[in-house]
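Trainee: The opening residue of the sequence shown carries number 0 in numbering that gives the first Met the number 0; numbering runs sequentially from there. I have a structure here, written as structure tokens, and I will follow up with some questions on it.
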Amino acid sequence: MVFAGRSNVGKSSLINRLAGNARLARTSSTPGKTQTINYYRLNRAFFFVDLPGFGYAKAGKDAVRNWKDLVERYFRKQSTIALVIQLVDSRMPPTGTDIRLSEWLDELQLPRILVATKSDKLSNSQKSLQSRLIYSTLGGRSCLMSSAKTGEGCREIWKQVQRATSKTDASKTK
């Protein structure tokens, strides 16, 4: 399971919540902290892969370019990606970076789900509005609202993870 999205969208926090270990993936309020591809083995069955965030420009241009190249190489060379979990911030419209990542993942034809993080900060009516906005902006792909803080959406994410890993296991036995 590969977690991809902009810097400071909550990739590491969501990984920690899903894994049930608050200190598994390092989190920070400073965007751009994840600068390498980090692998977390779960249940001896599969990995959660935390990719560096896209779009954080406070780091030097060379560092940003290196992160982008690292992530692009990862997606192009990995043949064992069961599911990409693309994260967007539920509190704002998808950015150009979110749109480009979505289009790129579509181009690569990788299985993925779209998850809107930090939904605990929105009212139910705001969640509904943001869901529709994300749907229309990211090519008609529905999104799952989630919160690493409250656990909202985590059960549904796990269902998608289990479905993806069972498909991967089934294809290995053929």
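Note that CB positions come from ideal geometry on N, CA and C, so glycine has one too.
Can you find the residues in the same chain that come closer than 8 Å, C-beta to C-beta, to T26, ignoring five residues on each side of it along the sequence?
Mentor: Within the sequence shown, the letter at position 27 stands for residue 26. Excluding sequence neighbours, T26 sits near S11, S12, N15, K32.
Trainee: Got a sec, what are the start and stop residues for the beta strand (DSSP E) I84 sits in?
Mentor: On the sequence shown, residue 84 is found 85 positions in, with the first residue counted as 1. Start and end: 83-88.
Trainee: Is it right to say K166 is buried, meaning 16 or more other beta carbons lie within 10 angstroms of its own, or is it exposed?
Mentor: On the sequence shown, position 167 is the one that residue 166 refers to. With fewer than 16 other Cβ atoms within 10 Å, it is exposed.
Trainee: Find out if the Cβ-Cβ distance for the pair V83, L41 is shorter than 8 Å.
Mentor: As a first step, residue 83 is located in the sequence shown; it is residue number 84 there, counting from the start. As a first step, residue 41 is located in the sequence shown; it is residue number 42 there, counting from the start. Contact: no.
Trainee: To the nearest angstrom, how far is it from the Cα of R75 to the Cα of K120?
Mentor: Start at 1 with the first residue of the sequence shown, and residue 75 comes out as number 76. Start at 1 with the first residue of the sequence shown, and residue 120 comes out as number 121. Roughly 35 Å separates the two Cα atoms.
Trainee: If I measure Cβ to Cβ from E155 and keep anything under 7 Å in the same chain, skipping five residues before and after, which residues do I get?
Mentor: Along the sequence shown, one-based indexing puts residue 155 at 156. Contacts found: L143.
Trainee: Taking all protein chains shown into account, do 16 or more other C-beta atoms lie within 10 angstroms of the C-beta of T172, making it buried, or fewer, making it exposed?
Mentor: Mapped onto the sequence shown, residue 172 falls at position 173. Model confidence at T172 stands at a pLDDT of 48, short of 50, so the residue's coordinates are unreliable; what they give is reported in the following sentence. So T172 counts as exposed.
Trainee: Checking the sheet assignment: what are the DSSP bridge partners for I112?
Mentor: By 1-based counting over the sequence shown, the position of residue 112 is 113. In the DSSP output, where bridge partners are listed per residue, I112 has I84.
Trainee: Assuming N37 is part of the beta strand (DSSP E), what are its boundary residues?
Mentor: Within the sequence shown, residue 37 is the residue found at index 38, counting from 1. Taken as a continuous stretch (DSSP letters only), the beta strand (DSSP E) holding N37 covers 37-41.
Trainee: How is V70 classed by DSSP in three states: helix, strand or coil?
Mentor: Taking the first residue of the sequence shown as position 1, residue 70 is located at position 71. Residue state, collapsed to three classes: helix.
Trainee: Taking only three categories from DSSP, how would you classify R22?
Mentor: Here residue 22 refers to the residue found at position 23 when the sequence shown is read from its first residue. Note: R22 maps to coil in three-state DSSP.
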